[in-house]
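Under this note's numbering, the very last position in the sequence shown is 476; numbers go up by exactly one each time. Cβ atoms here follow ideal geometry from the backbone N, Cα and C, with glycine treated the same way. All values derive from a computational prediction rather than experimental measurement.
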Amino acid sequence: QQKAVIIGAGVAGIATAVRLAAKGYAVEVFEANSYPGGKLAQFEQSGYRFDAGPSLFTMPQYVDELFRLAGKDPRQYFNYRKLDVVCNYFYEDGTQLQAWADTEKFTQEIANKTGEPARAVIKHLANSRDIYDITNHVFLERPLHRLQTYLRWDTLRSVFRLPQIDSMRTMHKANASSFQDERVIQFFDRYATYNGSDPYQAPATLNVIPHLEHHFGAWFPQGGMYSITQSLVKLAEEVGVKFNYNSPIDEVVVINGIAKGVRAKGTNIESDIVISNMDIWFTYKKLLTKHLAWHPQKTLNQERSSSALIFYWGIKKQFPQLDLHNIFFSADYKAEFDHIWQRQNIYYDPTVYLNISSKLKPDDAPTGCENWFVMINVPANNGQDWEQLISTARNNIINKLSRLLGEDINSLIESESILDPRSIESRTSSYKGSIYGTSSNNRFAAFLRHSNASSKVKGLYFCGGSVHPGGGIPLCLLSAKIVSELV
Ligand code: FAD
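So, in structure tokens, the structure goes:
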């Protein structure tokens, strides 16, 4: 039996483990932390449970696929429900929007609250679907760096339609030409942040993202986001994968251009193939230090995605006007992104994302209370004075939420933890604390992302958010699929 070693138990590492085990490999996963999941982790805090990282679950079919592949019924392991209201939006001018999953209700809500005609939104969503139909075969489901990908009929057809994906203008420009109302433009610009990018720089191709949310839907895992990790680890163990925790890998062992295994705590572990789920930057900079000539410096130097600053607050009150996902928009979106991308700091009026899993999973908070996951987009870690930035941002966020909710939020916070770019970097070895690998601000970003197989080392593969096809749970799961097909 051939052996596969996987470095890292992030969601892509676990999914790759399941796929390779299903192919007949003996799979062993080495994880530096004492727990699986990487960014998809959870923790307890004074009677509250928090999902540490991702909170929006889209494309659940990619998780189900892993169970079916192993001949199991996903519903015996993992359940989720579709959200009727994807997200609540609050604007500084007092407008409140509910983004209904149902297209008719959604377009009607936008028309009623902003005056933007329903037909403009319908046209925009149809364009979003077209971009998805063209790009999904080429950019998401296949290795971009293999000739065979381009010899397939469906890929060729997509390549001919590439001019339609609107890559020559920015997302903001496209949205500003689709809509009259500033609030609707801001609503659709926000989707650039789903992969840590800037709508004022990223190509309008990213207008594909609303299609994922509005067509495929937004979902809530019944056991919270962490149940994705838990159920996949259970599945992996059942198909024979062995997990080693507290086991950081120090080196990929390469002999004559072939990956022969890994090295941990001074011991060699032999393997026929090695898959790194570690951020690609650190895979080269920490695990392949003896092979500097092979480092693809241009690829590694790609701009990183934005990072996040999160306050996990135990709140001793319930807010009926809030839902699972809530957004409190900045009054000046352009200024906010200029601060993140050009000035590399935090605007005084940031857009605040508030996730409350206890809305749908009441045991995540004590009775009468709510678990608030309060997040803003911030630049990647370039050595800024984070203590100063965090303390200022904390006051600004509390003031904004207090103003828009008509309640003194500070007096309701009974427990707090903070995650910032430095801790994201140290906990999951993500370079600069970026949450989605490289940014998509560049129109060629998809082609410049690192491939899923090494061109220098035979038997060395890469999965996860920092390589093709990119960050976010669904794309990480697709990277696992591509790796298992390449193997
Ligand atoms: P990671 O989760 O980065 O895990 C990599 C693992 O490798 C870690 O466990 C690490 O400890 C381990 N490792 C690293 N180096 C070594 C080594 N040398 N030896 C052994 N182990 C090692 N996505 C969504 O889809 N929806 C969202 O709403 C969303 N929100 C997010 C919010 C936040 C705050 C963050 C941080 C991320 C969010 N994401 C979201 C992105 C999503 O979490 C990631 O894209 C995805 O979880 C990344 O998975 P991964 O497999 O690439 O690896």
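Where does residue i land, buried or exposed, given buried means 16+ other C-beta within 10 angstroms?
i, result
"Trp142", "exposed"
"Gln(-9)", "exposed"
"Ser346", "buried"
"Pro309", "exposed"
"Arg70", "exposed"
"Gln137", "exposed"
"Gly(-1)", "buried"
"Lys287", "exposed"
"Ser444", "exposed"
"Asn344", "buried"
"Leu466", "buried"
"Leu393", "buried"
"Gly60", "exposed"
"Thr278", "exposed"
"Asn399", "exposed"
"His328", "buried"
"Asn245", "exposed"
"Asp187", "buried"
"His204", "exposed"
"Asp268", "buried"
"Gln190", "buried"
"Ser473", "buried"
"Ser418", "buried"
"Gly229", "exposed"
"Asn184", "buried"
"Lys470", "buried"
"Lys518", "Nothing about residue 518 can be reported from this structure: the residues present for the chain run from -10 to 476 only."
I'd like to confirm the pairing. Which residues does DSSP put opposite residue i in its beta bridges?
i, result
"Asn315", "Asn77 and Leu343"
"Asn70", "The sequence as given places Arg at residue 70; Asn does not occur at that position. Answer is Phe209, bridged to Arg70."
"Pro192", "Thr159"
"Ala(-7)", "Val16 and Ile262"
"Glu240", "Arg252"
"Ala297", "Asn366"
"Ser478", "This structure leaves residue 478 out entirely; the chain is present only between -10 and 476."
"His439", "Val456"
"Tyr37", "Gln34"
"Leu449", "Val263"
"Arg168", "It is Phe, not Arg, that sits at residue 168 in the sequence shown. Phe168 pairs with nothing; no bridge assigned."
"Thr47", "Ala207"
"Thr356", "Answer is none; Thr356 lacks a bridge partner."
"Gly(-1)", "Gly26"
"Ile247", "Ile244 and Lys447"
"Thr427", "Arg293"
"Lys231", "Glu17"
"Trp361", "Trp302"
"Asn257", "Arg252"
Assuming residue i and residue j form a contact by the criterion Cβ under 8 Å, report the distance between their Cβ atoms to the nearest whole angstrom.
i, j, result
"Ser477", "Glu292", "Outside the shown range of the chain, which is -10 to 476, sits residue 477, and nothing can be said about it."
"Lys305", "Glu405", "Contact doesn't hold; Cβ gap of about 12 Å is too wide."
"Ile379", "Pro43", "At roughly 21 Å, the Cβ-Cβ gap does not stay under 8 Å, so Ile379 and Pro43 are not in contact."
"Ala88", "Val74", "7 Å"
"Leu45", "His439", "With 8 Å as the limit, Leu45 and His439 do not qualify as a contact, their Cβ atoms being about 25 Å apart."
"Asp338", "Asn290", "Not confirmed; about 32 Å, so no contact."
"Ala6", "Ala225", "5 Å"
"Trp208", "Thr47", "7 Å"
"Glu20", "Asn233", "7 Å"
"Trp98", "Leu86", "The question names Trp, yet the displayed sequence has Glu at residue 98. Right, the Cβ-Cβ distance comes to about 6 Å (below 8 Å), so this counts as a contact."
"Ala297", "Ile407", "Not really, about 11 Å apart at Cβ, beyond 8 Å."
"Arg135", "Thr144", "Actually they are not in contact, since the Cβ atoms of Arg135 and Thr144 sit about 10 Å apart, beyond 8 Å."
"Val16", "Ile(-5)", "7 Å"
"Val243", "His280", "6 Å"
"Gly422", "Ala369", "6 Å"
"Leu9", "Val476", "7 Å"
"Leu72", "Ala100", "Wrong, their Cβ atoms sit about 21 Å apart, outside the cutoff."
"Gln333", "Gln377", "Their Cβ separation, rounded to whole angstroms, is 13 Å, which puts Gln333 and Gln377 out of contact at 8 Å."
"Leu390", "Val341", "7 Å"
Run the proximity test for residue i: is its beta-carbon closer than 7 Å to any non-hydrogen atom belonging to ligand 3?
i, result
"Tyr342", "Summarising the ligand content, the structure contains ligand 1 and does not contain ligand 3."
Answer yes or no: does any C-beta atom of chain B fall closer than 8 Å to that of residue i?
i, result
"Glu93", "Of the protein chains in the structure, only one exists, and it is not chain B."
| query | So, do the stretch 23 to 33 and the stretch 206 to 224 have three or more beta carbon pairs nearer to each other than 8 Å? | reply | yes
With three or more C-beta pairs closer than 8 Å as the rule, is the stretch 422 to 440 touching the stretch 449 to 458? yes
Any chance you could list the beta strand (DSSP E) runs of at least 3 consecutive residues sitting entirely within the stretch 79 to 128, in chain order? 85 to 89
Check your understanding: Below 8 Å, can you find three or more Cβ-Cβ pairs linking the stretch 442 to 455 to the stretch 256 to 272?
Key -> yes
Check whether the stretch 32 to 41 touches the stretch 352 to 360, counting contact only when three or more Cβ pairs, one atom from each stretch, lie closer than 8 Å.
yes
Checklist entry - Do the stretch 155 to 174 and the stretch 234 to 247 make contact, defined as three or more Cβ pairs closer than 8 Å? => result no
- Query: Is it true that the stretch 194 to 205 meets the stretch 114 to 122, where meeting means three or more beta-carbon pairs spaced less than 8 Å apart?
  - Reply: yes
So does the stretch 158 to 175 actually touch the stretch 119 to 136, counting three or more Cβ pairs closer than 8 Å?
no
**Asked** So does the stretch 50 to 60 actually touch the stretch 313 to 331, counting three or more Cβ pairs closer than 8 Å?
**Response** no
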